[in-house]
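Chains as they are written, first to last, in the working numbering: chain A, 692 to 1015; chain B, 692 to 1015.
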């Protein structure tokens, strides 16, 4: 008679949607559910919605509530993972919310909370591009630029759980303005936002007609897909800006090589999912040019493999390891 | 009857001098010896000199060779610490030298090899400014800018022992030329070398008379002491350059705060030993301005306490821990 199967649930609490996935011990997804977060975004409303989505995912998987061993929640912004408290969430209304204990009480199962980029990096480590590596830097350029660290085979959190803010490493003293208020952060030089900021101005002057046709000069409309299309069509202004962003990403990667001495850098996130291998190759080439030869010679660069599922897998894996 | 006392020896193999110090279990120095490395700098000549200096330090301490439990050697440049091999040393002629096994065979005692900046950071951790902290970044601006990392209470080496090259983190894309061949590295923007490169040019044009009087326009003569004297005397060009270097150091510290989430940053090295607290305060102020508020709020900044002894203490401590 075999050992009883354990099931784990990963929950990704995003700015607009809630995703819950049920996994078996090998992190194969057995069922899932997704919902918009909705307009009521206070602590209680989000908790209620979360219980509902987890229930739907369990139904989809045909797994009973009593059969799950642990739930992992990933959410944006800083978390107090030791106490399971969401400190603040940029695009949600949560603040100082002890979500771990509340959800654990509601569902009678151990719950673990982690920041979403950390969870995503961990997901790639246990089940994606990072399998078999022990020293990994994850970089996820999109609207922002998230970073996660696996050092010596463990998620590295630093002294208070905030390590890995690689997007806010300054690579250009007094450079471009970043969303964080500083100037010259990697995020301000290599994210989709960095590209879109230049494109709106170019659109206005007629220098990026393909972008103008799709998005006008509306910053919010310049999604990764718009950039990707214009880039593949060879729109010169877009090619130039994307190449520069890739070079800056590569310099950020080189900095990571020099300080962390990793074996692997995983590149993922919205922008990379669209621009794909040619973009990563440009970034990798800049990395190899700018890092110390002895250190970069051992570095592999891989695209993230799990997409959005990396976060729920990582959250589930961290919850599993934490409760054992 | 008390337990038998253990003794440890730390050896610092520098570019010009060899220092050996004998320590008791509390890392109190019991005896020391120092010698110039001399002109014969091949593997065998350096080994012979090292045995001699260790013998002199033991004599000075009144400790017999058979009483030492372990020897730690610190040397510049990359080392293969697992196999105890010096890979290359910028200012010495050593290359691929299995110094651990050779010295261990000669003296019949366990030997451990580590890079000098790592050893120095570790020394401050076990016995200096870092006591009681578990997450530490050490930065040592001088001719270059060395970096060392204590993460979760352990020396962090990365995948192949090369982590912590914080001096070669690029903080200014296409910035000033660095000794490593790249542009805009922290070392190229915040070391004594960075300041001296500007000062030679200013000396020539008469814009830094106090420096010119001491050093002419000779780059090699612009030592930390020359910079310090002119800075304290308020020579405007020097004040400006030192302030800029301190600001850049602070930006490098901010980057470390954002990626490592440390509790403590230790600043040491030749430049800092001269310029002292006012310089560190300027760097710290720039760090607090440029790092993420939530992360920097927990960061202490301290000047290294052990001077040159940090390296021998760290080497001895690492050797002790490795053999136990």
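Built from N, CA and C at the ideal position, the CB exists for glycine as well.
Since the model is a prediction, treat every value here as computed from it, not as a measurement.
Output the distance between the C-alpha atoms of residue 801 of chain A and residue 990 of chain A, rounded to the nearest integer angstrom.
Along the first chain, read from residue 1 onward, the residue named residue 801 of chain A stands at position 110. Along the first chain, read from residue 1 onward, the residue named residue 990 of chain A stands at position 299. The C-alpha of residue 801 of chain A lies about 37 Å from the C-alpha of residue 990 of chain A.
Where residue 832 of chain A sits in the DSSP three-state scheme:
Position 141 of the first chain, counted from the start, is the residue given in the question as residue 832 of chain A. The answer is strand: DSSP assigns residue 832 of chain A an E or B state.
Looking at the unbroken alpha helix (DSSP H) that takes in residue 791 of chain B, where does it start and where does it end?
As a working mapping, residue 791 of chain B is identified with position 100 in the second chain. It spans 790 to 798 - the alpha helix (DSSP H) in which residue 791 of chain B sits, taken as one unbroken run.
So residue 981 of chain B is in the alpha helix (DSSP H); what residue range does that whole segment cover?
Reading the second chain from its first residue, position 290 is the one you call residue 981 of chain B. Where residue 981 of chain B is concerned, the enclosing alpha helix (DSSP H) stretches over 961 to 981.
Please classify residue 730 of chain A as buried or exposed, where buried requires at least 16 neighbouring CB atoms within 10 angstroms.
On the first chain, residue 730 of chain A is found 39 positions in, with the first residue counted as 1. Residue 730 of chain A comes out exposed.
Taking just the CA atoms, how far does residue 997 of chain A sit from residue 970 of chain A?
As a position in the first chain, residue 970 of chain A is number 279, starting the count at 1. As a position in the first chain, residue 997 of chain A is number 306, starting the count at 1. Answer to the nearest angstrom: the Cα atoms are 18 Å apart.
Using a Cβ-Cβ distance under 8 Å, would residue 787 of chain A count as near chain B?
For the purposes of this step, residue 787 of chain A is taken as the residue at position 96 of the first chain. Not one chain B Cβ lies under 8 Å of residue 787 of chain A.
Name, going along the chain, the residues of the stretch 916 to 948 of chain A whose beta-carbon falls closer than 9 Å to a beta-carbon of chain B.
938, 939, 942, 943, 945, 946, 947 and 948
Which partner residues of residue 917 of chain B appear in the DSSP bridge assignment?
The sequence position of residue 917 of chain B within the second chain is 226, counting from 1. In the DSSP output, where bridge partners are listed per residue, residue 917 of chain B has none listed.
Presumed contact (8 Å Cβ cut-off) between residue 886 of chain A and residue 918 of chain A, rounded CB distance:
Counting from one through the first chain, the residue named residue 886 of chain A turns up at place 195. Counting from one through the first chain, the residue named residue 918 of chain A turns up at place 227. That pair is a contact at about 6 Å.
Pick from B:711, B:937 and B:799 that is closest to residue 751 of chain B, judged by C-alpha positions
Here residue 751 of chain B refers to the residue found at position 60 when the second chain is read from its first residue. Answer by Cα proximity: B:711.
Put residue 817 of chain A into one of helix, strand or coil per three-state DSSP.
One-based indexing of the first chain puts residue 817 of chain A at position 126. Correct three-state label for residue 817 of chain A: helix.
Distance between beta carbons of residue 966 of chain B and residue 929 of chain B, contact taken as under 8 Å:
On the second chain, residue 929 of chain B is found 238 positions in, with the first residue counted as 1. On the second chain, residue 966 of chain B is found 275 positions in, with the first residue counted as 1. Their Cβ separation, rounded to whole angstroms, is 11 Å, which puts residue 929 of chain B and residue 966 of chain B out of contact at 8 Å.
Where the stretch 968 to 990 of chain B meets chain A: residues whose CB sits under 7 Å from a CB there:
981, 983, 985, 986 and 989
Residue range of the beta strand (DSSP E) that includes residue 738 of chain A:
Counting from 1 along the first chain, the entry for residue 738 of chain A is found at position 47. No beta strand (DSSP E) contains residue 738 of chain A, which is instead part of the alpha helix (DSSP H) from 734 to 752.
Spatial neighbours of residue 692 of chain B within its chain, please: C-beta separation below 8 Å, excluding the five flanking residues on both sides.
If you number the second chain from 1, residue 692 of chain B lands on position 1. Because the pLDDT at residue 692 of chain B is just 45, under 50, the model does not fix this residue reliably, and the value given afterwards should be weighed accordingly. Contacts found: none.
When the Cβ atoms of the stretch 809 to 828 of chain A are set against those of the stretch 936 to 953 of chain A, are three or more pairs found closer than 8 Å?
yes
With DSSP as the reference, label residue 774 of chain A as helix, strand or coil.
As a first step, residue 774 of chain A must be located in the first chain, where it is residue number 83. Residue state, collapsed to three classes: coil.
Hey, how far is the Cα of residue 766 of chain B from the Cα of residue 962 of chain B?
Locating residue 766 of chain B in the second chain gives position 75, where the first residue counts as 1. Locating residue 962 of chain B in the second chain gives position 271, where the first residue counts as 1. Rounded to the nearest angstrom, the two C-alpha atoms are 20 Å apart.
Is residue 859 of chain B close to chain A? Criterion is C-beta to C-beta, closer than 8 Å.
As a working note, residue 859 of chain B is residue 168 in the second chain. It does; some Cβ of chain A falls within 8 Å.
Enumerate in chain order the residues of its own chain whose CB-to-CB distance from residue 875 of chain A is below 8 Å, with the five nearest sequence positions on each side excluded.
Residue numbering aside, residue 875 of chain A sits at position 184 when the first chain is read from its first letter. Contacts found: 861, 862, 863, 864, 865, 866, 867 and 869.
Within 10 angstroms of the Cβ of residue 1074 of chain B, are there 16 or more other Cβ atoms? Answer buried if so, exposed if not.
Outside the shown range of chain B (692 to 1015) lies residue 1074 of chain B, about which nothing can therefore be said.
Can you tell which of B:787, B:832 and B:952 has its C-alpha closest to the C-alpha of residue 859 of chain A?
Within the first chain, numbered from 1, the residue matching residue 859 of chain A stands at position 168. Considering only alpha carbons, the answer is B:952.
With H, G and I counted as helix, E and B as strand and the rest as coil, what does DSSP make of residue 994 of chain B?
Within the second chain, numbered from 1, the residue matching residue 994 of chain B stands at position 303. If DSSP states are grouped into helix, strand and coil, residue 994 of chain B belongs with the strands.
Measuring only the C-alpha atoms, how far is residue 746 of chain A from residue 796 of chain A?
Here residue 746 of chain A refers to the residue found at position 55 when the first chain is read from its first residue. Here residue 796 of chain A refers to the residue found at position 105 when the first chain is read from its first residue. One C-alpha to the other measures close to 15 Å.
Name the chain E residues that come within less than 9 Å of residue 798 of chain A, Cβ to Cβ?
Among the protein chains in the structure shown, which are A and B, there is no chain E.
Residue 707 of chain B CB to nearest chain A CB: under 8 Å?
The residue given as residue 707 of chain B occupies position 16 in the second chain. Not closer than 8 Å to any Cβ of chain A, the Cβ of residue 707 of chain B fails to qualify, so no.
Which of the three DSSP states, helix, strand or coil, is assigned to residue 698 of chain B?
Locating residue 698 of chain B in the second chain gives position 7, where the first residue counts as 1. If DSSP states are grouped into helix, strand and coil, residue 698 of chain B belongs with the strands.
For residue 950 of chain A, which residues in chain B fall below 9 Å Cβ to Cβ?
Walking along the first chain from the start, residue 950 of chain A turns up at place 259. Simply 838, 840, 849, 854, 855, 856, 857, 859, 860, 946, 947, 950 and 951.
Restricting to Cα atoms, I'd like to know which of A:735, A:932 and A:696 is closest to residue 784 of chain A.
Your numbering for residue 784 of chain A matches position 93 in the first chain. With distances taken between Cα atoms, residue 784 of chain A lies closest to A:735.
Closest to residue 836 of chain B by C-alpha separation, out of B:774, B:738 and B:944, would be which residue?
Translated into the one-based positions of the second chain, residue 836 of chain B becomes position 145. Checking every option, the nearest Cα to that of residue 836 of chain B belongs to B:944.
What residue range does the beta strand (DSSP E) around residue 957 of chain A cover?
Against the first chain, residue 957 of chain A aligns to sequence position 266. Start and end: 955 to 958.
Three-state secondary structure (DSSP) of residue 840 of chain B:
The sequence position of residue 840 of chain B within the second chain is 149, counting from 1. Correct three-state label for residue 840 of chain B: strand.
Taking buried to mean at least 16 other C-beta atoms within 10 Å of its own C-beta, is residue 832 of chain A buried or exposed?
Position 141 of the first chain holds residue 832 of chain A. By the neighbour-count rule (16 or more Cβ atoms within 10 Å), residue 832 of chain A is buried.
Is the beta carbon of residue 742 of chain A closer than 8 Å to that of residue 721 of chain A?
Residue mapping note: residue 721 of chain A aligns to position 30 of the first chain, counting from 1. Residue mapping note: residue 742 of chain A aligns to position 51 of the first chain, counting from 1. No. Outside cutoff.
What separation, rounded to the nearest whole angstrom, lies between the Cα atoms of residue 705 of chain A and residue 1012 of chain A?
Here residue 705 of chain A is taken as the residue at index 14 of the first chain, counted from 1. Here residue 1012 of chain A is taken as the residue at index 321 of the first chain, counted from 1. Those two C-alpha atoms are separated by around 23 Å.
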